[in-house]
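Notes to accompany the following structure.
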Amino acid sequence: MQLPSVASQPNAHGVYPDEAAEFFILPYERKGWLGMPIARIRLLHLPEGWLQSAEAMTPSGSGFGYGLCERHSGGFHDGREVALEIAVHRVERFAQRHDDAVGRKILAWARSLSGHAITDRRIAA
């Protein structure tokens with residue numbers, strides 16, 4: 605199922621707002637983490653195609669992330685599944701460099717999204 609595209613304009617840096625984005629979130633349940641997720645993927649459907657963004661962070665402070673923009677998303681993608689698989693792959697690459705409990709949790713979460721057909725806009729694992 606493809607979500608309807610929304611009229612959205614990027615900011616001066618080319619980043620689109622994520623109000624209309626579909627979220628996949630891996631929360632970190634530990635106190636003191638300020639409620640930040642340890643991993644998050646966003647998908648945005650626009651008339652030009654799909655954008656994706658991915659981010660992940662370990663409690664030690666190692667992490668990566670980028671916004672919903674053409675430059676970091678690799679351009680517009682032809683389908684939701686393509687955009688999701690690219691974001692999942694980027695999270696997997698990050699997690700594979702962290703051989704600890706959090707890295708393994710992020711990796712398992714990312715792999716669980718592969719081939720996923722979730723239609724809810726905001727999803728917490």
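First residue of the sequence shown? That's 605 in the working numbering, and the numbers climb one at a time after it.
Note that the Cβ used here is the ideal one computed from N, Cα and C, for glycine as well.
- One Cα belongs to GLU696, the other to ALA616, and the distance between them is close to 30 Å.
- For the 8 Å CB-CB criterion, TYR620 and LEU655 form a contact.
- A straight-line Cα-Cα distance of about 9 Å links PHE698 and GLU659.
- Excluding sequence positions up to five before and after ILE690, its CB lies within less than 6 Å of the CB of GLN656, all in the same chain and listed in chain order.
- Unbroken beta strand (DSSP E) runs of no fewer than 3 residues, entirely contained in the region 642-686, are found at 653-661 and 667-669, following chain order.
- In the displayed model, GLU633 falls within coil according to three-state DSSP, outside both helix and strand.
- If you look at SER716, you'll find it in the alpha helix (DSSP H) that goes 705-717.
- ARG708 places its beta carbon 8 Å or farther from that of GLY618.
- Ranking ARG644, HIS681 and LEU688 by CA distance to the CA of MET661 puts ARG644 first.
- Taking ASP682 as reference, the option from ALA624, PRO641, LEU650 and ARG701 with the minimal CA-CA separation is LEU650.
- In terms of Cα proximity to PHE668, the closest of LEU688, GLY653, GLU633 and PRO641 is PRO641.
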